[in-house]
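One structure below.
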Amino acid sequence: MEEGEQTYDFAVNNCLDMRKRQKILKSLICAQPWYKTPNNLHLWDPSSIDLVLISSTMGMLALPFLTQTKGFSAKIYATEATTRLGQLMMEDLVLMHNEFHHFFGSDSGSPQWMSWEELELLSPALRQVALGKDGTELGGWMPLYRSADVEDCVKKVQTLKYAEEAWYNGTLLIKAFSSGLEIGSCNWTINSPKRNIACISSSKFCSVNAMEFDYHALRGNDLILYSDFSSEGVLTNDEHDNNFSASTTYNSSTPSADNDDLILKECLLRNDESLEEREKLAFICSCVVDSVKAGGSVIIPLNQLGIVLQLLEQIPVYLESSAMKVPIYVISSVAAELLAFTNIIPEWLCKERQEKLFSGEPLFSHSELMKGEKLYVFPDVHSPDLLNHALYFLLTGVCGLVQLFICFYVGVRMKTPCLFWRMDWILIWLSCLSSQWQ
Numbered sequence: 001m002e003e004g005e006q007t008y009d010f011a012v013n014n015c016l017d018m019r020k021r022q023k024i025l026k027s028l029i030c031a032q033p034w035y036k037t038p039n040n041l042h043l044w045d046p047s048s049i050d051l052v053l054i055s056s057t058m059g060m061l062a063l064p065f066l067t068q069t070k071g072f073s074a075k076i077y078a079t080e081a082t083t084r085l086g087q088l089m090m091e092d093l094v095l096m097h098n099e100f101h102h103f104f105g106s107d108s109g110s111p112q113w114m115s116w117e118e119l120e121l122l123s124p125a126l127r128q129v130a131l132g133k134d135g136t137e138l139g140g141w142m143p144l145y146r147s148a149d150v151e152d153c154v155k156k157v158q159t160l161k162y163a164e165e166a167w168y169n170g171t172l173l174i175k176a177f178s179s180g181l182e183i184g185s186c187n188w189t190i191n192s193p194k195r196n197i198a199c200i201s202s203s204k205f206c207s208v209n210a211m212e213f214d215y216h217a218l219r220g221n222d223l224i225l226y227s228d229f230s231s232e233g234v235l236t237n238d239e240h241d242n243n244f245s246a247s248t249t250y251n252s253s254t255p256s257a258d259n260d261d262l263i264l265k266e267c268l269l270r271n272d273e274s275l276e277e278r279e280k281l282a283f284i285c286s287c288v289v290d291s292v293k294a295g296g297s298v299i300i301p302l303n304q305l306g307i308v309l310q311l312l313e314q315i316p317v318y319l320e321s322s323a324m325k326v327p328i329y330v331i332s333s334v335a336a337e338l339l340a341f342t343n344i345i346p347e348w349l350c351k352e353r354q355e356k357l358f359s360g361e362p363l364f365s366h367s368e369l370m371k372g373e374k375l376y377v378f379p380d381v382h383s384p385d386l387l388n389h390a391l392y393f394l395l396t397g398v399c400g401l402v403q404l405f406i407c408f409y410v411g412v413r414m415k416t417p418c419l420f421w422r423m424d425w426i427l428i429w430l431s432c433l434s435s436q437w438q
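Residues 1 to 438 in full-length UniProt numbering are what the sequence shown spells out, letter by letter.
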């Protein structure tokens, strides 16, 4: 090839690389992370809120935005498990955000990207994320709360056990019942002298970790408020659809009611959600085995504790059946506390887990994996203990929120294949390392 042709090819490749970089930059906002609150939350009068019911750990994440608002004095209720897990999640989020400040500095005042001149330069998809479909949601973006706000928020929460009674203002009787979605997640009943109300959040009828969905608590309510079920299609395309509705009133003292109860239970438990979830987990496990067989490593970013616990039980089984010994690293600033917490909360778990306790078995297998040095827990990817376990080569000065790239280099350069788990509750980084990167 002549020199002129080589120069031309080099220029073309440079041009293509530049276009690719420009396309990527248009899909990103290079600035300190801000967080979007529910639509028009900043327009609400906080003094008009009397009661806040938290149904899941993910629902705790936005609570400090509300509790630190001037004029807010509402009573807050959540289950004990939800409050503790939510506190750990918020602390982890604050720590990650502080790392960004430490290594990259913080913006002063409003971010530059929130100016109309910058917003007009964003891609249509990114502009819709920033402004919303109707262009009125820019005011919902807020900087993250601080550690002190998290501590103050948790102090204001009144914690409950399942079915424990709590009186609000001497007139409303409030109870939490298991929704089956996650450990500690719940639905609520509010009983007053004149009306009984049930508030149903995302629920899961079959759970392998959390206590089962308690549908008995829905009986006899005058009003049921639904909010996004996790089970899609459970009550659709089914010959028994008409056996369950919000207006149904049950009387447990009659034979027909007992028959209705059996039909309802069959309807709820006959859904395909559990089967679909098992198939997805099996697919992930098979992909892990394939990657390790090819000499690669795997990063699995997760934000649901239930999925973490299931994969920690299933992946070692798949690896052992394939005669592979691969270390598993769980990396999170709250991972140690989180895994330890799951072993001391049998009252929040399903019957199968509780039976393990009575038979002298550990509630979850991760404790045995750690004792057998098959599972390692580290607060961050640049912790000294992790570096001692994994020998690799890195450029100096790589740290902070570029942990993903550290994980990338660790996975590529490590002589022994390994599995990395990054439990990022909000900022979820997706990456999978296999032999194609080596």
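Glycine is no exception: its CB is placed at the ideal position from the N, C-alpha and C atoms. Just so you know, these numbers come straight off a predicted model, no measurement behind them.
When the Cα atoms are used, what is the spatial distance from residue i to residue j?
i, j, result
"serine 147", "serine 322", "45 Å"
"threonine 136", "lysine 204", "34 Å"
"alanine 130", "leucine 363", "43 Å"
"serine 297", "asparagine 98", "29 Å"
"asparagine 243", "leucine 369", "With a pLDDT of 37 at asparagine 243, under the threshold of 50, the modelled position of this residue cannot be trusted; read the value that follows with caution. When rounded, the distance between both Cα atoms is 45 Å."
"glycine 59", "aspartate 92", "15 Å"
"alanine 282", "serine 332", "24 Å"
"leucine 41", "methionine 89", "22 Å"
"leucine 319", "valine 292", "9 Å"
"lysine 325", "leucine 275", "28 Å"
"arginine 29", "serine 123", "The sequence shown places isoleucine at residue 29, not arginine. Taking the straight line joining both Cα atoms gives about 10 Å."
"glutamate 361", "arginine 353", "9 Å"
"leucine 138", "serine 115", "10 Å"
"serine 47", "alanine 340", "39 Å"
"isoleucine 315", "phenylalanine 72", "46 Å"
"isoleucine 307", "glutamate 182", "9 Å"
"isoleucine 284", "alanine 294", "15 Å"
"proline 327", "glycine 372", "10 Å"
"arginine 278", "leucine 126", "34 Å"
"tryptophan 44", "valine 317", "51 Å"
"aspartate 290", "isoleucine 299", "14 Å"
"aspartate 214", "alanine 166", "18 Å"
"glycine 70", "threonine 189", "Going by the sequence as given, residue 70 is lysine instead of glycine. One C-alpha to the other measures close to 29 Å."
"lysine 280", "valine 288", "12 Å"
"serine 253", "leucine 53", "Here the model assigns serine 253 a pLDDT of 38, short of 50, so the residue's position is not dependable, and the following value carries that caveat. Serine 253 and leucine 53: Cα-Cα distance of roughly 31 Å."
Using C-beta distances below 7 Å, list every residue in its chain close to residue i, excluding the 5 sequence neighbours before and after it, in chain order.
i, result
"serine 201", "Ser55, Ser56, Ser179, Asn187, Ser227"
"leucine 51", "Ala74, Lys75, Tyr168"
"serine 106", "Gln32"
"residue 491", "Residue 491 cannot be examined here, being either before or after the span of the chain that is shown, 1 to 438."
"tryptophan 34", "Pro111, Trp141, Met142, Pro143"
So, under 8 Å CB-CB, residue i and residue j are touching, yes? Tell me the CB distance rounded to an integer number of Å.
i, j, result
"methionine 211", "tryptophan 348", "6 Å"
"valine 377", "glutamine 310", "17 Å between Cβ atoms; not a contact."
"leucine 312", "serine 365", "7 Å"
"alanine 31", "glutamine 112", "7 Å"
"glycine 184", "alanine 81", "3 Å"
"lysine 36", "glycine 170", "Rounded, the Cβ-Cβ distance is 37 Å, inconsistent with contact."
"asparagine 39", "glycine 132", "7 Å"
"cysteine 199", "leucine 218", "Wrong, their Cβ atoms sit about 10 Å apart, outside the cutoff."
"leucine 338", "leucine 375", "Actually they do not touch by this definition, with Cβ atoms about 13 Å apart."
Identify, in the order they occur along the chain, each residue of the same chain with its Cβ nearer than 8 Å to the Cβ of residue i, setting aside the five sequence neighbours on each side.
i, result
"glutamine 68", "Tyr145, Asp149, Asp152, Cys153"
"residue 440", "Within the shown structure, residues of the chain are numbered from 1 to 438, placing residue 440 beyond reach of any answer."
"cysteine 350", "Ser207, Val208, Asn209, Ala210, Met211, Glu212"
"leucine 357", "Pro346, Leu363"
"proline 64", "Met90, Tyr145, Asp149, Val150, Asp152, Cys153"
"proline 384", "none"
Indicate the three-state DSSP secondary structure (helix, strand or coil) for residue i in the structure shown.
i, result
"valine 334", "coil"
"isoleucine 307", "helix"
"alanine 282", "helix"
"glutamine 87", "helix"
"phenylalanine 358", "helix"
"tyrosine 215", "coil"
"phenylalanine 244", "With a pLDDT of only 37 at phenylalanine 244, under the threshold of 50, the placement of this residue in the model should not be trusted, and no figure is reported."
"proline 346", "helix"
"lysine 374", "coil"
"lysine 36", "strand"
"tyrosine 226", "strand"
"valine 298", "strand"
"threonine 69", "coil"
"cysteine 206", "coil"
"asparagine 221", "coil"
"isoleucine 200", "strand"
"lysine 351", "helix"
"phenylalanine 100", "helix"
"residue 442", "As shown, the chain starts at 1 and ends at 438. That puts residue 442 outside it, with no answer to give."
In its own chain, which residues sit with a C-beta less than 6 Å from the C-beta of residue i, not counting the 5 before and 5 after it?
i, result
"residue 442", "The chain is shown only over 1 to 438; residue 442 falls outside these bounds and no answer can be derived."
"asparagine 196", "Asn221, Asp222"
"proline 379", "Ser333"
"valine 157", "Ile76, Ala78, Thr83"
I'd like to know if residue i contacts chain D, where contact means its C-beta is closer than 8 Å to some C-beta of that chain.
i, result
"leucine 281", "This model lacks chain D altogether; it includes just one protein chain."
At least 3 beta-carbon pairs within less than 8 Å: the region 114-121 vs the region 169-176: no
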